[in-house]
Structure formats: C-alpha cells, structure tokens
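One structure below.
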Amino acid sequence: MAAKTFKRKDGRKPEEFRKPISAKVGIIPNADGSAMWQSGKTIAIAAVYGPKELHPRNQRDPAAGILRCNYNMLSFSVTDRIRPGPSRRSTEISKIMEWALEPVLLIDKFQSMVIDVHVNIIQADAGTRCAAINAAAMALAHAGIPMKSLVSSIAAGKLDKTVVLDLDKYEDSEFEEGEGSTDIPMTFTPDGKLTHIQIDGKISKEQLKQAIELAKNAAKEIYEVQKKALKEANKK
Amino acid sequence: METPHINQERIKKFLSEGKRFDKRKLEEFRELEIETGVSKNAEGSARVRLGKTEVLVGIKMNVSTPYPDSPNKGNLMVTAELLPLSSDRFENGPPKFPAIELGRVLDRVVRESGFIDVEKLCIKEGEKVWTVFIDVYSINDDGNIMDAAGFGIIAALKTAKIPKYDEKEEKVLFGELTDNPLPLAKHTPISLTFHKIGKDFIVDPTREEEDISETRITIGSYDGNISSMQKGEKASITLEEMDKILELNEKAWKDLFKKLEKFVK
Amino acid sequence: MTDRKIVIPGEVIVKGNDFLPGEGTERNGEEIVALRYGLAEESNKLVKIIPLSGPYLPRRGNVVIGKVENITFNGWVLDIGTAETTFLSLTEVPRYVNKDGLDEVMDFGDMAVAKIWTINKRGIDLTIKGRGLGKIDEGIIVKINPNKVPRIIGKEGSMIKMIKDETNCNITVGQNGLIWIKGDKVEDELFAKRAINFVSDKSFISGLTEEVQKWFEKESKGEKNNGS
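So this is what it looks like as structure tokens:
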C-alpha cells in the first residue's frame, strides 16, 4: 500500500481510470456488428463480418469456426505518424485480441467458417489494445455471435512504487521517475476470470496481485458501459 | 454483397426515366456532413459523411530534405486505404488497385491545383522542408468514397495547424501545435466524379449505383480551372458527352462549394 | 407473455428452477442466462432469445433465395449465404433439362427461389420443384438480416400480407434474408423495399403491426401529395 498519495500528471488518483469512457454500437452500417469504444483520449472502432466462408480453404477448421482479429492504427492516430500497413506490434496485438476474446465465444457449430473482427485506432493515448478488445467484444455481440458473455479490458500497472490503474501515454512511455513505469493490460470475463494479461516492466508479486485486483474491479465498470451501449443500440 | 443483376436492371431502367432509387435527381448529392478535429494527435483531421458513406482524413507533418529537383518546395504525400472495416468487399492486406488509384487521383487534385503553397513550406532551401502527409481511410463504403475523401481533404487541410519546430535541436515537437494554419491558396480545389450509366450521367452514386457505372470521370477544379482529371473503367465517351460533363462539373462545383463553406470557413 | 427486453450475452434473464432454458439460453444454477444478443422472451416458463442479428442457420424445408455461382455437369451451385456447398441438381427442376443446356435454364449470376430439400455432410441440396420456386426474372432483391425474417412475415403471414396489399407487389421472402419484390411499377417495388426496411429497423419493438399501419397511412398521404 502506498504510504502517501501519489500524484499523477493529469491529476488522477492511482485507482482512477480515465474519463470519459463512452461506447456506441452500430456505427458502421455495412458491418454485421460494429462498435466504438473511447477511454479518455483513446478511441477504437470495431467491425465484425461473419460468420462466413473462410478462404483460403486450407486455413479452414472443419471442427469449429475461427475468430480472426485485425488490429491496425490509423497513421494519424499518434503524434509521430505511423507508416500505413501492418507492423510486428499490430500483428502481435491482433493475436492477443483473438486470445482475449475466444474463451467466451461459442462458435463450434460454425465449422469451416470465419468471423472477422477489424479494429482501427482513430486516436491513441495508450491503452489501445484494451480499447480495441472492448470495442470488439461489443461488436461481436451486436453481430449476433453466440457468446457466454462479453469481456472487458483495462490496464493497470505501476508508476515508480505506486500501483495505478489505466496508464495514459505519458505514464506508459515518458514517466521515468524512480522505478519507471510498468504497464499491465488485462481482460476479464464478468465473473472475474482473466482471458488476457501482459506485463511490460518490473513488478513484485504482491503489487501484481494488487494491480490485478484493481483492474478486475475496474473491468466491472467497463462492463456496465458496454452493456448499456448494446441495450441502447436500437434507440434512435 | 454484389448488387444482384435484376436490381441493376431496375436501377438502369429507372435512371433512363430520370429517376433514382433514393428519389434524388441525377445531379444531386446526398446529405453532406463534415466534422473537423476528430483525431486530436493529427495536425488536422476531418470526418465526412455523404449519405451512409463515411471517410476519415488526417493530416500529419514532418520535416525532411526536399526533392533534388525542387529544393525550395515542401513535399506532399497522399495515401488512401480502403479499410476492411468499411465493407465486406475489402480484404486485409496491402493496398489493391482501387486504393492505389484513389490515393494517386486525390494526390493530383491537391498537388496540381497548387492548393498548398509548397514554397512557404520551405525551412532552409536545399536542406529542410515540411512534408505534408494526407492519409485517407474509408470507414463505411456506400459509394463515392472518392468525392467524400476529396471534401475531407479540403476540410482537414483548412483546419490543420503546423507543429512546433525546434530550430536548435532541428526536430519537430510532435504533439505540440503552433497557431499557424497551413499556407493554402485562396482558391479551393473540389474533386467531383461523374458516372455514366446508359445515356445518363449521375453524381454521388450509392454503392449499388456504382456497381453499374460504365465509366467515370473525376475532375479536380477551382474557379473554372481544371487542374486534374481521371477517367476510369471501361466504356468510352463521346466528345459531346465530355462537354456535358464539363458543364455538369461547373454547376456541381458551385453547389458543393456552398455546402463545404458551411463546414469550413 | 411478459414484456420483451433486450439482453446481452451472459446476462441473467430470470431466476428460478421452474423455468426452462430455450434457444439462445442456458441454465446456470438457478438462473437462465442469455447466450445471444437479442430480445428475451418467456412463455409458459420457456425462456428463449429472439435474436436481432447473426447468421442464417439453414433448415430443411426453408424457402431460400440464392445466386448461381457455378454450373457443373449435373446442376448448379448456389450461394445462399452459408458456408455449406449448396447444390441444385438438374433432376430437381420441374422439367427436363438437357445436360448441355444447363446454362440456358439458369446462368452464372442468375438468382432463384428454391427450397432446401436435404442437409447432409456433403452440403445442402435444393429443389425448385414446387409452387413459387424457380428462376427470378425481374424485380428487386432486398437483403435483411435473416433473424428478422419472422417479423417481416408476421404472425400467420399478417405482416407480409399487409405489405403486399399496401404496395401492390408480389413478395417472396427467403428464410436466408433475401427478399424478392416484383411489382408493376418500380415505384411500387421501392415502396415495398422501404416498408421492409422499416419493419427490419423496428423489429425489436412491441406493437410493431400498429406502427407499420401508421407508417403506411403516413406514406400514402405523402404519395398522394407528391402526385406520383
């Protein structure tokens, strides 16, 4: 437990996540399901196409349907422009997204089919994979994909010696005081199971447990926002 | 889904009677909405909605060396991507021809019209100039991404601000903007595309109308001056038809200029 | 019947051991939990989800509308929006077809109304022997989400009948979400298309029939004013 209150650059308390958080469903008419997720200054949009036939045939799974995620940042979503096209980072995050979402999908009966989830980051201020996963989960539900539940994603971490929630870009990339920063993006099911966790930085076992607990509770609030967006989708 | 043949037949038949499925006139554009400053890490940005078609445009800038044959001019690079997000017709992967053509046509609209005063983008002749990157992304494709993107580019360029440049350290302070807008010309190049279907020409096709377009002409122009043109797809046009298109362009340009002014002063 | 509410996957719909988990739901201890996004409906203790989105699940006997993707030596391969190979054998056409003349009966890109005859490991077999089945000659095809088809058809066909009468069109609804509209005038066909899209957009509300009636009254007034 931190002895004194740690001061974050944007004035947040250690256990506070960024605001506003907002979500909207059905933003892309062509898609089978779509959603937008915003956390502070990070904005992600997701579109689901499928289930549909998977080409090439040799990638088909005759036993079940396949989830295929594609994460990409728009070139101008960051202050230092990203050259358009895939990168190693976006390829890894695409896979991480699949692993974060698959545990709740019930797609066994869609043999040889694929469900494509495309996510683009419109504006980035760290936490982009979490925003992507939150948007993707809503879009999958919106598309009518059978699921056990949604998943909700948020990062916790550490700044110097203090465990914090939801690091922004400054905290993730530029904070260098003391022990520096540690970023731990995580994804939870509503009943508290972890479907995704990564750690970038140093942290002790005790503080890791604190971070996970912090994120798990925050994920519940994220879930409520996702749920509300889906329920309000049809109100025009 | 590709537009079914029987629908295509109906659209053509209706058009030959001067009518369109959504009750528009042949020379009428769908409702246009533009919002600028939608992506705050960009130097400038715009979201354009033309009917159900939606496009995002972002402007980024960086300092680099000029091209050897234009040592006192800034650089311009226009790229377009047809995101798989925006349609079941676009796949993940390197840009295919439609995206490549889109980028190149839009590049010519901006470059050849001299909309950006590239000489004012020179920091130190022969050594340092600003490069303006214009990136276009489709968000929902219901036809005419080309024109929607063109409107977005104008809106984004007009509202963009130049980033701070540290002369001593010789680096751009990304994320910190000055109050200075881009050096732009007084004229506004507007890019409009005319599609031939049967004997008629329409503007702003929906995706199903675009599916039956036999050929299209995209014209970039300002104040009666034509600065770029691209004819695409297979059918041919007569010289009389060309005259007609140029006339239509003049009328449509005035209409769109008024509409754009509403969103960007 | 209780009021329907929109539920999301994982949401608890009702609690109680006397409820039965129907389609799109499962029992989790005492709770019935949704496994789909849609409207939760309870009737005689059976709880199920009426989905508003999702893929088409083919069933035997379904009338579907498909597009010819390929012609083989003995039939046509159609696309009805499923991953399974969907095949119409030339023996399932209500007249003799010469095996060199398949493309004259139906060519690439043609669309047809067919019925699902069987579904097995190899795929889906179709037939066009039957009333109302066969190649589509003209009109317009409208695509809606297949889960909304029951709303378009309505209780005992009441909704589709209203649309047909009000728009003066022949309408064939494919269970796979493709709908064929054929009328005397293109304006009528477009009117029917608008009506179908209206029902599809509002498919989640209760009292839909009254809403559609009101919509038709408004539209008819509008049409009269336009003098069309």
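So the protein lines, in turn, are chains A, B and C. Using my numbering, the first residue of the first sequence is number 677, and each one after it goes up by one. Using my numbering, the first residue of the second sequence is number 336, and each one after it goes up by one. Using my numbering, the first residue of the third sequence is number 13, and each one after it goes up by one. Just so you know, even glycine gets a beta-carbon here, dropped at the ideal spot from N, CA and C. Computed from a prediction, not measured in an experiment: that's the story for all the values here.
Going by CA-CA distance only, name the one from A:770, A:810, A:877 and A:860 that's closest to residue 890 of chain A.
Looking at the Cα atoms, A:860 is the closest of the given residues.
Entirely within the segment 422-501 of chain B and at least 3 residues each: give me those beta strand (DSSP E) ranges in chain order.
List check, beta strand (DSSP E) in window: 457-459, 463-475 and 496-501.
Does DSSP put residue 589 of chain B in a helix, a strand or coil?
Of the three classes helix, strand and coil, the one that applies to residue 589 of chain B here is helix, per DSSP.
Listed in chain order, which residues of the segment 800-828 of chain A have Cβ atoms closer than 8 Å to some Cβ of chain C?
Residues 817, 818, 819, 820, 821, 822, 823, 824, 825 and 826.
Among B:390, B:406 and B:534, which one has its Cα closest to the Cα of residue 579 of chain B?
For the residues B:390, B:406 and B:534, the minimum Cα distance to residue 579 of chain B belongs to B:534.
In the segment 755-775 of chain A, which residues sit with their C-beta less than 8 Å from some C-beta in chain B, listed in chain order?
So the list reads 755, 756, 757, 760 and 761, given in the order they occur along the chain.
Report yes or no: do three or more beta-carbon pairs, one from the segment 396-404 of chain B and one from the segment 481-493 of chain B, lie closer than 8 Å?
The segment 396-404 of chain B vs the segment 481-493 of chain B: no contact.
Under the assumption that residue 804 of chain A contacts residue 718 of chain A (Cβ atoms under 8 Å), give the Cβ distance between them as a whole number of angstroms.
Right, the Cβ-Cβ distance comes to about 6 Å (below 8 Å), so this counts as a contact.
With a 10 Å radius around its C-beta and 16 neighbouring C-beta atoms as the bar for buried, classify residue 151 of chain C as buried or exposed.
With 16 or more Cβ atoms within 10 Å of its Cβ, residue 151 of chain C is classed as buried.
State whether the segment 590-599 of chain B contacts the segment 28-43 of chain C, with contact taken as three or more CB pairs (one from each stretch) at a distance under 8 Å.
They do not touch, by the three-pair rule.
Just verifying my parser: in three-state terms, what is the DSSP assignment at residue 373 of chain B?
Residue 373 of chain B falls in the coil class under three-state DSSP.
Given a cut-off of 8 Å on the beta-carbon distance, is the pair residue 444 of chain B and residue 524 of chain B in contact?
Going by C-beta atoms, residue 444 of chain B is nearer than 8 Å to residue 524 of chain B.
With a CB to CB cut of under 7 Å and the five nearest residues on each side skipped, what residues in its chain are close to residue 858 of chain A?
Result list for residue 858 of chain A: 833, 834, 875, 876, 877, 878 and 879, in chain order.
Spell out the partners DSSP gives residue 531 of chain B in its beta bridges.
The partner list for residue 531 of chain B (beta bridge, DSSP) reads B:536 and B:550.
Please return the same chain residues whose Cβ sits closer than 6 Å to the Cβ of residue 382 of chain B, not counting the five positions on each side in sequence.
Contacts found: 370, 373 and 391.
Which value, in whole angstroms, describes the spacing of the CA atoms of residue 802 of chain A and residue 145 of chain C?
Those two C-alpha atoms are separated by around 56 Å.
So, does the CB of residue 416 of chain B fall closer than 8 Å to a CB anywhere in chain A?
Yes, contact with chain A.
Applying a beta-carbon distance threshold of less than 7 Å, which residues of chain B neighbour residue 121 of chain C?
Correct list: 340.
Cα separation between residue 132 of chain C and residue 695 of chain A?
Cα-Cα distance, rounded: 53 Å.
For a contact defined as C-beta to C-beta under 7 Å, what are the partners of residue 153 of chain C on chain B?
The contacting residues are 339, 341 and 342.
Can you tell me the Cα-Cα spacing of residue 98 of chain C and residue 90 of chain C, whole angstroms?
C-alpha separation (whole angstroms): 5 Å.
Going by C-alpha to C-alpha distance, which of A:883, A:884, A:845 and A:831 sits closest to residue 753 of chain A?
Among A:883, A:884, A:845 and A:831, the Cα nearest to that of residue 753 of chain A belongs to A:845.
Which value, in whole angstroms, describes the spacing of the CA atoms of residue 904 of chain A and residue 596 of chain B?
Taking the straight line joining both Cα atoms gives about 37 Å.
Taking C-beta pairs closer than 8 Å, name the residues in chain C that residue 833 of chain A reaches, listed in chain order.
None at all; the shortest Cβ gap to chain C is about 27 Å.
According to DSSP, is residue 846 of chain A part of a helix, a strand, or is it coil?
Three-state result, residue 846 of chain A: helix.
Interface residues of chain C around residue 345 of chain B at Cβ under 8 Å?
150, 151, 152, 198 and 201, listed in chain order.
What does DSSP give as the partner residues of residue 877 of chain A in its beta bridges?
Its beta-bridge partners do not exist; DSSP assigns none.
What number of angstroms, rounded off, separates the C-alpha of residue 682 of chain A from the C-alpha of residue 888 of chain A?
If you take the alpha carbons of residue 682 of chain A and residue 888 of chain A, they lie about 19 Å apart.
Count the other CB atoms, across all protein chains shown, that sit within 10 Å of the CB of residue 520 of chain B; report buried if there are 16 or more and exposed otherwise.
Result: exposed.
Tell me whether residue 14 of chain C is buried or exposed, calling it buried when 16 or more other Cβ atoms sit within 10 Å of its Cβ.
Because the pLDDT at residue 14 of chain C is just 49, under 50, the model does not fix this residue reliably, and the point stays unresolved.
Closest to residue 723 of chain A by C-alpha separation, out of A:737, A:811, A:799 and A:900, would be which residue?
For the residues A:737, A:811, A:799 and A:900, the minimum Cα distance to residue 723 of chain A belongs to A:811.
Just verifying my parser: in three-state terms, what is the DSSP assignment at residue 418 of chain B?
The answer is coil: DSSP assigns residue 418 of chain B none of H, G, I, E or B.
What residue range does the beta strand (DSSP E) around residue 858 of chain A cover?
857-864 is the span of the beta strand (DSSP E), which, as asked, contains residue 858 of chain A.
Using a Cβ-Cβ cut-off of 8 Å (strictly less than) and excluding sequence neighbours within five positions of residue 163 of chain C, which residues of its own chain qualify?
Once the five neighbours on either side are set aside, the close Cβ partners of residue 163 of chain C are 171, 211, 212, 215 and 220.
Mind pulling the chain C residues with CB within less than 9 Å of residue 884 of chain A?
Near residue 884 of chain A there are no residues of chain C at all, since even the closest Cβ is about 27 Å away, more than 9 Å.
Within the same chain, show all residues whose beta-carbon is closer than 6 Å to that of residue 522 of chain B, passing over the 5 residues directly before and after it, in chain order.
The answer, listed in chain order, is 557 and 558.
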